[in-house]
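In our numbering, the protein residues as written are 569 to 932.
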C-alpha cells in the first residue's frame, strides 16, 4: 500500500504553528484513494463492511513534518513509505457529526492526542498488555483489523474512527510467529511486518521510531446512513397546515428537537444519541433523544403531537450550523374519527399509534 504521491507536495499540508483538520471532499483524489484502501483492507468476513461517512486530512506542523522528512531522507530510495491504518481509543465526541471537528485535550483520548502530537512509542500498547512484536507503533493495511482496536463511546454515537498514517517502513523483517521481546528491528532492518500464517491471521506492521510515522487522515465510518426521501413530492395539504384526515389517520406535527445539520448538505440521518429528530425517524417513535422511550407531559408518558404546526414549532430547535428548524409531520391513529382542535395536543400512549410521515425543514 503506497502513500498518496502528492500529500507533502500540497501547500495546504503545511502549517507553521499547529495541527489542524480539513474535511476532504468526496470528489477529491485523496478521498478516493483512502476509500479504496479502506474497502480493500476490510478482510474480516464476519464483519459487515461499513462505509466512510467523513474523511478529515491532518495538517501537521512544519516542525513535525521536518523531523519526519529528515527521518525519511536517511533511507533515500529505500524509504518504502506507505499509508497504513491504526485503531485506538476515543473519549470525546469529535467527528460524531459533520459540525463537530473540535479535538479534545482529554488525557484518556488517544485519538486526539495522536492527531495533536503524533505517535509516541512509550505510550503505545498501554491498553494492551500483549505486544506481539514488543513495544512499538502498530499499524496495518487491514482496516478491519485496525477496527478491532477502536474503542469509542457507544452512548455518544455508533460511528467509529480510524487513523490513516504515513509510515516509513523501509526494509522490513518479516515474521510469522510472535517475538514479544523485540524493542527494535533486527540488525539491518527498519521495521517488522507480521505476515499471515503461524501466529497471525492478518498483516500488521511495527515501527519503533517516533519519526517513522505521522497521522495523515482521520476516517469516520459506520453503517450506511439512512437517507430520507426528497421533500419535493410532499402533498400540498401537508405543506399548507397538516389539516387533512385520511381514513382513521390524522396528520399532526410532533414535538422533538434536532441537534445535527440534517438537510444542510444532504438528507442523511445522524447517529447522535441526543438528536430527537433522527432517533424518532429511524425508530418510528420507539426511541427519543438519549434513549428515552416516551415524552412526559400532562397526560403522562407517551407521544404528543399537534394539529397546529405553530404549537409544535415551540419545541423545535436546530443545530447552530443549520439555518433550518425541523418538525415531523405524522400520521396518527385516532378513535371514531375524532377531530382534534388546533389549540390542543394529541396524546397517544403507544408508538404503534403514530408514524413519522415527513420531515419538514423551514426557516424561523
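We put the CB at the ideal spot given by N, CA and C, even for glycine.
Straight-line CA distance for residue 719 to residue 928?
-> The alpha-carbon separation between residue 719 and residue 928 amounts to approximately 36 Å.
Residue 620 by DSSP, collapsed to three states: which one?
-> strand
Excluding sequence positions up to five away, which residues of its chain have a Cβ less than 6 Å from the Cβ of residue 609?
-> 709, 710 and 711
Where do the ends of the alpha helix (DSSP H) carrying residue 880 lie?
-> 877-881
Please work out which residues of its chain come closer than 8 Å, Cβ to Cβ, to residue 791, disregarding the five sequence neighbours upstream and downstream, and give them in chain order.
-> 616, 618, 619 and 726
Given that a residue counts as buried once 16 or more other Cβ atoms are within 10 Å of its Cβ, and exposed if not, what is residue 763?
-> exposed
Spatial distance of residue 750 from residue 777 (CA atoms) = 13 Å
Considering only C-alpha positions, which residue in the set 636, 663 and 625 is nearest to residue 788?
-> 663
Leaving out five residues on either side along the sequence, give the residues of the same chain with a beta carbon under 7 Å from the beta carbon of residue 687.
-> Hits under 7 Å: 705, 778 and 781.
Residue nearest to residue 716 in terms of C-alpha spacing, selected from 731, 752 and 848 = 731
Scan the region 666-748 and note each continuous beta strand (DSSP E) run of 3 residues or more that stays entirely inside, going in chain order.
-> 705-707, 728-736 and 740-743
Assuming residue 917 contacts residue 870 under a Cβ cut-off of 8 Å, what Cβ separation, rounded to an integer in Å, is found between them?
-> 4 Å
Look up residue 895 in the DSSP assignment and give the residues it is bridged to.
-> 928
In terms of residues, what are the limits of the alpha helix (DSSP H) holding residue 785?
-> Residue 785 -> not in any alpha helix (DSSP H); beta strand (DSSP E) instead, spanning 781-790.
Identity of the residues DSSP links to residue 654 by a beta bridge | 731
C-alpha distance - residue 653 paired with residue 737, whole-angstrom precision | 13 Å
Quick one: what's got a C-beta closer than 8 Å to residue 757's C-beta in the same chain, skipping five residues either side?
-> Excluding five sequence positions before and after residue 757, the CB atoms of its chain that fall closer than 8 Å to its own CB belong to 738, 739, 740 and 741, given in chain order.
Span separating the alpha-carbon of residue 856 from that of residue 868 = Each residue's alpha carbon lies about 16 Å from the other.
Could you tell me the distance, in whole angstroms, from the CA atom of residue 919 to the CA atom of residue 852?
-> 7 Å
Determine the contact status of residue 627 and residue 589, defining contact as a CB-CB distance below 8 Å.
-> yes
State the DSSP-derived secondary structure class of residue 604, mapped to helix, strand or coil.
-> helix
Proximity below 8 Å, CB of residue 734 to CB of residue 651 = yes
How should residue 769 be labelled, buried or exposed, when 16 other C-beta atoms within 10 angstroms of its C-beta is the threshold for buried?
-> When all chains shown are included, residue 769 counts as exposed.
Going along the chain, which residues of its own chain have a beta-carbon closer than 7 Å to the beta-carbon of residue 603, five neighbours each way excluded?
-> 620
6 Å CB neighbourhood of residue 765 in its chain, flanking five on each side removed = 744
Short Cβ contact (8 Å threshold) for residue 592 with residue 623 = yes
Residue 765 bridges to which residues according to DSSP?
-> According to DSSP, residue pairing for residue 765 in a beta bridge involves 768.
Per DSSP, what kind of secondary structure is residue 923 in: helix, strand or coil?
-> strand
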